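In what follows, a structure is listed as structure tokens, so that the remarks can point back to it.
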């Protein structure tokens, strides 16, 4: 733009440049701002030329860094000027001074829209540039449709369409929910046929953004993208202005290959063949040249091609070619190319199984570890860390330890951490691991975190064979005149616990051990002194027979630190001094530390945290999240069901062999108490054993299991939690020798499943050999799950099979599961889920693998449950009440009184509902004890269906509530009501031993006052209801009255009767005591009466009809009570405290009464 005609602006810029200091500049700016403000106040006197000049000055002052709080309106008004010079100034200054949230932008929306839909292409370009620079939700809502029309209008010049594509890209990135891109797949495919490379490049950028959010809608664009690549690779119809150093439009090539990486695969064989031909040409035609600019462009295309090859899982020959090409790059002198080669080789290692091919370049990678450029050294370290396995772990760890002494201080902590992790994960034996960590502490003690030596202590404590060796090694290190304080801590702890194992070796007597450790005491900090004091106490305990001289020395140390200012040191010194006088009792008090529970390594957690990536998600990261193979295992901090510690990573080297379990078919197995069905199938089969198959999923039946094997036990809560069965009881009482033959799962599988129903990632199953994790993403009726199958051993798992058993309402498709999982590797298997209709049925994963000669076959419930297809939605009162009234009565609106609810405050219940993907809507119910929630259910049949829930509680009794659920689909209403009910009532039950079998009941004489009579009186105390206007309700137990004693009542053969032995308190008549028993048993203990103003209390009343004294016993009576049928509804009698009750078999079957 030419400013030579504006003399005032030129003079002002010259004055600013001639200022000698900041103060002069400030004075000149203030003077000019005052002049501009005065001119703007007199709008009639300012001409368009002057307004344009002053707006330019405001922009220049703003660019100098001064705040400008006026002139915005004048800049916006210039946008509506009819002439190009004023309009150009208005657009430029507005886009610089105003952001998307500025109120003045609303004044310009109509003008900008008129310019976009007008026929002046210059004005269209100015308007599109403004919208693309500012963006904003209001611009997107008002202008996006017009920009879309402009993009697909073939009559517009390419310059305008190119700006329209970039403008639309900005609007979509800022407001993807506002942009309506439905049905745009065909139009995007048409845009990819564009011959103008400028429009095509801009359209490809837009396509990449669209694919990143939803690639499923744009499958028609895939062959068009391949054709674009073919056109560029053959240099067909590429203008000279789009050729950069002989490379046809490298930017478009990179964008096109990036777009292709968002598609999971290329299904059409012709398209796939054409694509691989193009990629092959790129790989073969790229080499290192002297021209830096050409190198940059060609390598940008090459590395994007490598990423696409990795994404498509090309044949091994092409993968080998890629690795060979990268191996050539990491050997060149140019540091940038070496860096990119190492980085891409690391990415290839993460996504593709080419580890053996990459190992051929291990020597060159190790050489890069000593490069002068620290960024290259870091990339080399990452690559070595990723390619390490059992075969090359020793060599890589030794190189890292050797390099550690000369490494930069900025890298030593990372080197130490990764060396410790590799030594832990791939140790051929535990003694080598101890050697590595001791060398690590010796060479880089300042950079070794406490987690590292904590881990050594854990392994030494848990492995008895290692204790003597570890004590001997630290004894050698502690002899050195100067050692790091971390080494002092580790040596003191191990020698304190296990120095007695070295007692017969020279230089290892208790007195000598104490002497060499005590020499380090003056050099350590206060955090180490408590460890040394504990070591002294342990040495004193292990000294047998007692050494008076050593004892006096140690007691003197305790006495010295008994008055230390540090509370921890003082307490230990005082307590150890007192304990040392206990004599033989000291052995019990200071006994050897027990074994540590196995848990996830803190080192691996730390490494994962340090490698956390940015939130930006590229196509290669999406691919890696679906199908990467990694050596890192995730081990949870869980204890096994049988209480014994699980096998850790290093202790896996010493896993005992699993004995054979006798059985005759693969269908036979053992159901664990925690809900997992594990089948152990040795080969060859031996003597048949009893069939121990049980019901895995409670009410859900798995096809193919013999019905005779299912023996359900009483279950408190149906739904997600499985019940007890005879197989679990058989396992619980089996001898230890028999249980040792079974692969026990680690942790409670039912609890893991229940937790995954409320979150989207976690561990689904784990045993000593494998860990199955899950990570899920849910969108409407679609779910994308990834199963993580991690081999925890140094031997491969073979014959791996996974079969999905979906219920009828789910459509599920599992990707191919590899038959073999390499040692200490993890494979990821995507699983697609589509919800067809609402249901609470649960899908099952039938998983099996072989370790050695044993086949393990757990059947696991998958957390693709009803609430995963819910989407929280906030409903206003204006939306809620009309919808609530329109859903009148069953089956669209169901109401139920729920008893046995886990007591919880209303706030906690609201949090629980939020975890179900239900949105609590405050303010809709005036009662503070009530709660209203809403959600949207998605399924293929009903699409989006609004659901409304109302919960009414009583603060006096949180164990019961009334729930109302309403929706436009009867099936959804019922399923959601039952689901919420199950979650409110169900309580995860920990593993427990089976209840003892009661002795056989002795025959009871009919004349016995405790005898139990059976029957049912038809019509006895029929329900009495009355209508009241009160909509509130409350729960409570009514006070008993003497009317509960009705001696005039005559029993019938069909009554339900009970007999109670009672001893009245002094001063209480037998009649009043009987009335109390009758009232409390029928209302208080047996069941809770829900009085909502509609039901008469008499419906639940029991009556005492006879009292007789116990012969030969003073003040003891037998009370006979008759009860109505309503008290014997499903499960209500489980809380009964009645002494003698008998109900005929007919009523047991009819009402399913279960006694406990």
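In full-length UniProt numbering, the protein residues as written are 1 to 1156.
Where is the CB? At the ideal position from N, CA and C, for every residue including glycine.
As the structure is a prediction and not an experimental result, all values here were calculated from the model.
Cβ-based neighbour list, residue i, same chain, cut-off 8 Å, excluding 5 preceding and 5 following
i	result
residue 318	276, 279, 280, 283, 309
residue 1116	1061, 1062, 1063, 1109, 1110
residue 930	950, 951, 952, 953
residue 300	250, 254
Own chain partners of residue i with C-beta closer than 7 Å, once the 5 adjacent residues on each side are dropped
i	result
residue 274	226, 230
residue 237	195, 231
residue 209	169, 172, 173
residue 20	none
residue 413	447
residue 486	441, 445, 448, 453
residue 904	958
residue 586	541, 579, 580
residue 266	222, 272, 275, 312
residue 781	834, 835, 869, 938, 939, 940
Alpha-carbon to alpha-carbon, residue j and residue i
i	j	result
residue 401	residue 440	7 Å
residue 952	residue 168	49 Å
residue 245	residue 257	20 Å
residue 233	residue 199	19 Å
residue 518	residue 430	29 Å
residue 555	residue 541	12 Å
residue 164	residue 292	33 Å
residue 97	residue 18	26 Å
residue 937	residue 179	23 Å
residue 876	residue 921	8 Å
residue 909	residue 958	11 Å
residue 379	residue 387	12 Å
residue 111	residue 48	18 Å
residue 524	residue 557	15 Å
residue 156	residue 150	7 Å
residue 72	residue 206	32 Å
residue 872	residue 963	19 Å
residue 906	residue 855	48 Å
Where residue i sits in the DSSP three-state scheme
i	result
residue 843	coil
residue 771	strand
residue 311	helix
residue 290	coil
residue 941	coil
residue 99	coil
residue 507	coil
residue 897	strand
residue 1103	strand
residue 757	coil
residue 1161	With the chain represented from 1 up to 1156, any question about residue 1161 goes unanswered, as that position is not in the structure.
residue 854	strand
Own chain residues within Cβ distance below 6 Å of residue i, not counting five before or after
i	result
residue 614	Legend: pLDDT at residue 614 = 33, less than 50; position of this residue unreliable, no value from coordinates given.
residue 632	Summary for residue 632: the model assigns pLDDT 33, below 50, so the residue's position carries little reliability; its value from the coordinates is reported in the next sentence. None.
residue 1169	Past the boundaries of the shown model lies residue 1169; the chain is included only from 1 to 1156, so the question cannot be answered.
residue 508	502
Supposed close pair residue i, residue j - CB separation, criterion 8 Å
i	j	result
residue 461	residue 595	6 Å
residue 511	residue 550	5 Å
residue 772	residue 758	Rounded, the Cβ-Cβ distance is 18 Å, inconsistent with contact.
residue 1105	residue 1047	6 Å
residue 880	residue 948	7 Å
residue 569	residue 529	5 Å
residue 123	residue 87	7 Å
3 or more residues per run - each beta strand (DSSP E) lying fully within the stretch 110-168: DSSP runs (the beta strand (DSSP E)) wholly in the stretch 110-168: none.
Can you list the alpha helix (DSSP H) stretches of 4 or more residues lying completely in the stretch 879-933, in chain order? You should have 906-915.
Can you list the alpha helix (DSSP H) stretches of 4 or more residues lying completely in the stretch 375-447, in chain order? Within the stretch 375-447, complete alpha helix (DSSP H) segments of at least 4 residues are found at 393-404, 409-425, 430-444, given in chain order.
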